[in-house]
Structure formats: C-alpha cells, structure tokens
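Remarks on the structure that follows.
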Amino acid sequence: QWLSDRKKRALQKKDVDIRRRIELIQDFEMPTISTKIKVSRDGQYIMAVGTYKPRIRCFDTYQLSQKFERCLDSEVVTFEILSDDYSKIVFLQCDRFVEFHSQHGHYYRTRIPKFGRDFSYHSPSCDLYFVAASSEVYRLNLEQGRFLNSLQTDASENNVCDINPTHFLFATGTAEGKVECWDPRTRNRVGLLDCALSSVTADTEIDGLPSISALKFNGALNMAVGTSTGQVLLYDLRSSNPLIVKDHQYGLPIKSIQFQHQLDLIISADSRIIKMWNKDTGKIFTSMEPEYDINDVCLYPNSGMLMTANEAPKMNIYYIPVLGPAPKWCSFLDNLTEELEENPESTVYDDYKFVTRKDLENLGLAHLIGSSLLRAYMHGFFMDIRLYHKAKMMANPFAYEEYRREKIRQKIEETRAQRVQLKKLPKVNKELALKLIEEEEEQQATRKRKQKNLPSLLKDDRFKVMFENPDFQVDEQSEEFRLLNPLVSKISEKRKKKLKILEEKEAQEQEEEEEPEGKPSDAESSESSDDEKGWVEEVRKQRKLLRQEEKVKRQERFKEDQQTLLKPQFFEIKEGEEFRSFKDSAKKQKLMKKTLGDRLKLEEKLGTLSVSDTTVGSKQATFKLKKSEQQKKQQEAEKQHRQERKTLRRSAGHLKSKRGRGQRFH
Numbered sequence: 001q002w003l004s005d006r007k008k009r010a011l012q013k014k015d016v017d018i019r020r021r022i023e024l025i026q027d028f029e030m031p032t033i034s035t036k037i038k039v040s041r042d043g044q045y046i047m048a049v050g051t052y053k054p055r056i057r058c059f060d061t062y063q064l065s066q067k068f069e070r071c072l073d074s075e076v077v078t079f080e081i082l083s084d085d086y087s088k089i090v091f092l093q094c095d096r097f098v099e100f101h102s103q104h105g106h107y108y109r110t111r112i113p114k115f116g117r118d119f120s121y122h123s124p125s126c127d128l129y130f131v132a133a134s135s136e137v138y139r140l141n142l143e144q145g146r147f148l149n150s151l152q153t154d155a156s157e158n159n160v161c162d163i164n165p166t167h168f169l170f171a172t173g174t175a176e177g178k179v180e181c182w183d184p185r186t187r188n189r190v191g192l193l194d195c196a197l198s199s200v201t202a203d204t205e206i207d208g209l210p211s212i213s214a215l216k217f218n219g220a221l222n223m224a225v226g227t228s229t230g231q232v233l234l235y236d237l238r239s240s241n242p243l244i245v246k247d248h249q250y251g252l253p254i255k256s257i258q259f260q261h262q263l264d265l266i267i268s269a270d271s272r273i274i275k276m277w278n279k280d281t282g283k284i285f286t287s288m289e290p291e292y293d294i295n296d297v298c299l300y301p302n303s304g305m306l307m308t309a310n311e312a313p314k315m316n317i318y319y320i321p322v323l324g325p326a327p328k329w330c331s332f333l334d335n336l337t338e339e340l341e342e343n344p345e346s347t348v349y350d351d352y353k354f355v356t357r358k359d360l361e362n363l364g365l366a367h368l369i370g371s372s373l374l375r376a377y378m379h380g381f382f383m384d385i386r387l388y389h390k391a392k393m394m395a396n397p398f399a400y401e402e403y404r405r406e407k408i409r410q411k412i413e414e415t416r417a418q419r420v421q422l423k424k425l426p427k428v429n430k431e432l433a434l435k436l437i438e439e440e441e442e443q444q445a446t447r448k449r450k451q452k453n454l455p456s457l458l459k460d461d462r463f464k465v466m467f468e469n470p471d472f473q474v475d476e477q478s479e480e481f482r483l484l485n486p487l488v489s490k491i492s493e494k495r496k497k498k499l500k501i502l503e504e505k506e507a508q509e510q511e512e513e514e515e516p517e518g519k520p521s522d523a524e525s526s527e528s529s530d531d532e533k534g535w536v537e538e539v540r541k542q543r544k545l546l547r548q549e550e551k552v553k554r555q556e557r558f559k560e561d562q563q564t565l566l567k568p569q570f571f572e573i574k575e576g577e578e579f580r581s582f583k584d585s586a587k588k589q590k591l592m593k594k595t596l597g598d599r600l601k602l603e604e605k606l607g608t609l610s611v612s613d614t615t616v617g618s619k620q621a622t623f624k625l626k627k628s629e630q631q632k633k634q635q636e637a638e639k640q641h642r643q644e645r646k647t648l649r650r651s652a653g654h655l656k657s658k659r660g661r662g663q664r665f666h
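Note that the sequence shown covers residues 1 to 666 in UniProt numbering.
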C-alpha cells in the first residue's frame, strides 16, 4: 500500500507475482462504487451500475474492453436485461421511476406509486412485477404499455421477488419474514412460508424479527431464502420446513444467492463474506472475504468465474478452477493456473524485514521510528532488508563467526549421538535434570505393569530449550528460590555427590555404568521425617541469612555515601524578598492538601475571610488579600515618613510662637 506508482512499475520487472497479474477487462471499474452487476444471456456483455454520477457501463468480453457508458438521472436500485444482448434493459431507480433503454440509448420513462425495491420479468405474459414499500405488487404489461391490476399481499412491505424459470411461479419476500407464492395465470396466492420462525434455531442469536433480503429459485422445486439476520434457508416447495438452515455468523443481511450446478453448491454473500457450501449437507466448500464491502455477486454461467460489485471503484473478478473451466473469451486462464501451481510463488515482503521495537533497540535504530525508513505494521515495523543487514553487521560484526561455530558444534553433537551413549546430563540445569531422572526411577519402581509409561520432560521437545539455553538456568542464590525451597541445601548435597560421580565417569569415558551407593531406605525415610520437622528452622535460618546480607549491603552503601563528597547547592532569591526558611514551602504544601472547607475555616480564624448571611438566604464571603513583605515594608516606611513630617511641623510651629512673644516684649 505504501509503495508509489514508480516503485510498483519497477517491481514489475523484478517481482514474478506482479508480472503474473492479469487485467482481464480494461478499466473494469466505477468512479466511486458499484452496486449491481449482471451478465447477458449470450455471455458476451457484462453490465454494471454504480455511482458517482449514476451510470451504467457495458463491457464487451470479446474485445476485453468497455463498449459504452450511459449516465442516468438518479441512482439505480436494480436492473434487468430483457434481451439476449444489451438492446433491451430496464432500470428501477431510487426516485420511483422505471426507465427503459434500447440499443441506441434512453427509450421511455414511467413512474410507480411507491418507492420500488425489486422487480422480476414474466416472459410468457410480458409483465413486469414490481415490489415496493407497500402491500401491493404492481404489474406493468410491456405489450399493452399499461399498468394492470395489482396483487394484494398480507405484508406491510415487500423487499424482494423472483419468478421460477420452469413453471413461472411468482414469489415475494416480505418485511415480516414470510414468502408468498402467487400463480400469475389466476393471480391468486397458492402458498405461504413463515421463514422468520424457521430461521431461528437453538444456536442462533437474533436482535429482532428477521425479514427477507434475498430470494432465488433453483429448478422446479428448490428455493433459497436469505434473511436480514444472516441466515440462508433452502426449501423444497412441497414442504413448509426448510431442508437446511445455514448461518453466516455475522448478523448481516444476505445480499445475493447463486446456485452452482456442477458441484451442487450454493454461493451466498453478505456485505462481508462470500460462502460456498454444499446444498445437500451444508458443508463449507470455501469462503472469500474481500477487502471492501460487497454489494452484489454474479456467477458467470457454466464457468468458475465470479464477479463482485463492491464499495470501491475496482470490481473484483475471481477465477476458481475447481468450480469449472474458464470462459471461452479468456481460456488462457486455464494454462496460467497450471503454471502457477508448478512454480513457487514469491512475495513482495522478501525485500522487507519485520522487526519489533526491541530488535530496533538492539540494533541501535530506535531513532528511526517515525521516519520513512520504517513502516509501522501491527506490533512492529517493516524495514528494508539491506538496511537491516548493514545494521546487524555493525552491531555484531562477529555474528557470522558465532553462527559458524554453533553449526559446527551441532554437527559434532549429532555425530556423538551415534556413539554408545552414557548416562549424560545436560549442560544447563544439571541438578533439575538429575531430580527428574530420580523421580522417573522412583515412579518406574512403584508403577504397576499395566500402567502406561508417562512421557519424560527431558525427552519432550517442548522443554528441550530449558536444558540447552543458559538463559533458563535456575538461580539458586536468589531470594525467591531460597525462601520457596528451604530444604534445597540438604537435598542438593546428595545430588552434588551424584553429579561429581557422573562427571568423573564422563571424564574417564567408562563403558560400564556404575550407580553410586546410596543409603538404605530406613535411613532415607528417617532423614525425610527429620527434614519435615526441621522445615521451620531452615526457613528461619534462610531469613536470618537474608537479613544479614541486607545489613552488609546497607553498610557498604553508607560507606560509599560517606566517601562521596556532596557539592553545595546555591539558590537565587529575587530582589525585594527576604529568605525566611524552607518551612514555608512545606506549610504551603500541607495547606494545599487540606480540603476547601478546612482552608476557609483557617482563613476565618486568621481574619482574612468573613462569611455572612444575606436577606435572600444565600451566603456572602468577603476575602482580604494577604500583603507581601515588600508591601508591608513600603507601608511601614510611609507611616514613619508621615510621623517625621508631623514632628517637623510641630517643632516649626513652636519656634514661630516663641519669636512672636519676643517681639511683643521689645
């Protein structure tokens, strides 16, 4: 998807798979989406309708290209080809209009009373039967050119209809989940099937009442019905019970039903999947799930070709050789499919390597995440295989040498396996392997003859890596192991003796195996009882040892902290502010952790907040802003300045009064 057109063209020269791709019909697509697709009776023309703008395109299979294209006034609900070729076509449009086209183009246009949903052509009487959003089935006679009396059904709305090609029985599917069958000769209803009740089985789960969404006759007696809840029911017209009920398991309406006569298959499709299953047993033959939603499916007659109209511009063509031969206009497909089976296929992903985020970190390419060199896909990324090889060589230049040594070692081990094998233990987890061997020997001694031999963990391929990869080595010095296995020290002493004996045997390469002498059963049983009694003491000892180790670690950390010199940290204080202490910040943090109610009570005590009741019944809160230190200093300086001015004024007035008295005495 991320490849540009230029790279795709370059790939065509290299990639065999892309070169094998075939465009059967040139420009077999619609501008936006395609809704319906049909094949003419002579098999020469394929017609498809779609949007946008509403149009019909006719493709000539003999020329493998488009023959003509006609634009319409409104979208097409469905259409029918009345002639053997493209010369007579009828369109049912979404605005209640029925449009007739001849070979040259538009011929006539008429209207039906209600919005139409489907129609069928009754060839003996030249009648068109329209089902719409009403209880009536409208009849339009093409020979007389007028509407005839409608058929009155018991349904509120009719969704689909079909006419049996053998005895021309007309059937309509209703919104209530019923199928009504009518005889066109007498215009009377001859049968009624309740498909909604039959589609609900013990295994199915439905949200509402199933309505009929698809209908198709097969021969004189068989009829397939599709429901809006995703079930397909196969009926014999002589019985009111279905022969088979097939569930698509998606809960989506069935859009199309086709019959494949060569293999007795039914091809049913909803908007997500196409299923092919046997009409006698219901067994799935195959299924296809296209990338885009499906609108219609058309089976090319007497062949294995399948065409779909999708919610995408491209209309898909599938060729399944098992269903039948290729059509005569593309008979070369049979030869191509035989060549494809013989030659192995190559994929586009051969040029790319899938790596996870951990792989990128190991290669040192984590900084490329988000760039054009990595393409995100699922839980990892796609990167160019050449870049991957270069990065791997730089990260580990001796990887090839290690790989070569490992291969040589594996070859030597394979040749050694052909020799006379001694009782050897694996290189990893030797004590665990010895424990398993002892348990197997005990089980074999106590097991009855009739009991089957249980598989050994040492011989099981699923646990093979545990005794080969050093990453799986059991760490007996870990805290978890020592607490969970308090008696491991006593038991391991016995096994260590056996391990030493076995290692000496391997070194000497003796042919005869000598088992180490053990203690009698009485001594072993007494030891096991002593072990059970001393289990608590052993756990306590292990805990004491762990505490002592922790103390030693703490002392070492304390010494390291004393040796390290702490550098002083300097903090800058803004101008006009005084440094008080670090306690103020702690007080502020404690105050912020309190609730709003506690903070308001504290502010009331300090006098910065006053709460009073009003006449209306509400409360009024008055806040006083706290003054900063700078503002307090400024106010004190102003107050002192005022007092100095007052004292100066008083002293000046006192001097003036003294001078006046002196002049009077003179």
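Backbone N, C-alpha and C define an ideal beta-carbon position, used for all residues, glycine too. These numbers were taken from a predicted model, which means no experiment stands behind them.
In the DSSP annotation of this structure, the continuous segment of the beta strand (DSSP E) that includes G380 starts and ends at 380-384. Within the same chain, G50, P313 come within 6 Å of M30 by CB-CB distance, once the 5 residues on both sides are set aside.
Closest in C-alpha terms to R357, from the list K392, I163, A376, comes A376. Secondary-structure assignment with DSSP links I294 through a beta bridge to N310. Between L234 and P242, the C-beta gap is smaller than 8 Å, which places the two residues in contact.
Taking C-beta atoms as the reference points, D247 and Q231 count as a pair closer than 8 Å. In terms of Cβ geometry, L458 and F472 do not form a close pair [threshold 8 Å]. Residue burial is scored here from C-beta neighbours: F381 has at least 16 other C-beta atoms within 10 angstroms and is therefore classed as buried. Counting of Cβ neighbours within 10 angstroms places P327 among the buried residues, the total reaching 16 or more. Look at E99 here: in three-state DSSP terms it is strand. Following the DSSP letters along the chain, one finds G597 inside the alpha helix (DSSP H) bounded by residues 596-606. Bridge pairing for R543: absent [DSSP]. For C195, no beta strand (DSSP E) run applies; the uninterrupted alpha helix (DSSP H) run containing it begins and ends at 195-199, by DSSP. Approximately 14 Å separates the beta-carbon atoms of I81 and R70; this is outside 8 Å, ruling out the contact. Nearest to I501 by C-alpha distance, out of K464, L425, D561, is L425.
For S83, the closest of Q44, S65, I112 by C-alpha to C-alpha distance is Q44. Annotation for K216: the continuous beta strand (DSSP E) segment containing it runs 212-218. Around the beta-carbon of G370, fewer than 16 other beta-carbon atoms lie within 10 Å, marking it exposed. Approximately 12 Å separates the beta-carbon atoms of M315 and M305; this is outside 8 Å, ruling out the contact. K358: member of the alpha helix (DSSP H) spanning 357-363, first to last residue. In this structure the segment 163-170 touches the segment 212-224; the number of beta carbon pairs closer than 8 Å is three or more.
Annotation for Y62: no beta strand (DSSP E) segment contains it, and DSSP assigns it neither H nor E. Contact between K275 and S287 holds: CB atoms are separated by about 5 Å, below the 8 Å threshold. Per the coordinates, the alpha-carbon of A637 lies some 19 Å from the alpha-carbon of R649.
8 Å or more divides the Cβ of K353 from the Cβ of I320.
Leaving aside the five residues that flank G282 on each side, the residues in its chain whose CB is nearer than 6 Å to its CB run, in chain order, I244, K246. In chain order, N141, L142, E143 place their CB closer than 7 Å to the CB of C126, counting only its own chain and leaving out the 5 sequence neighbours on each side. A residue is called buried when at least 16 other Cβ atoms come within 10 angstroms of its Cβ; G173 meets this threshold and is buried.
When secondary structure is reduced to three states using DSSP, N158 falls in the strand class.
With a 10 Å radius around the Cβ and a threshold of 16 neighbouring Cβ atoms, Q93 comes out buried. Each residue's CA atom was taken as its position, placing T227 and I254 some 6 Å apart. Per the C-alpha coordinates, the member of Q103, Y403, Y388, D293 positioned closest to L363 is Y388. In the displayed model, S651 falls within a helix according to three-state DSSP. Taking all protein chains in view, the Cβ of I37 is crowded by 16 or more other Cβ atoms within 10 Å, so the residue is classified as buried.
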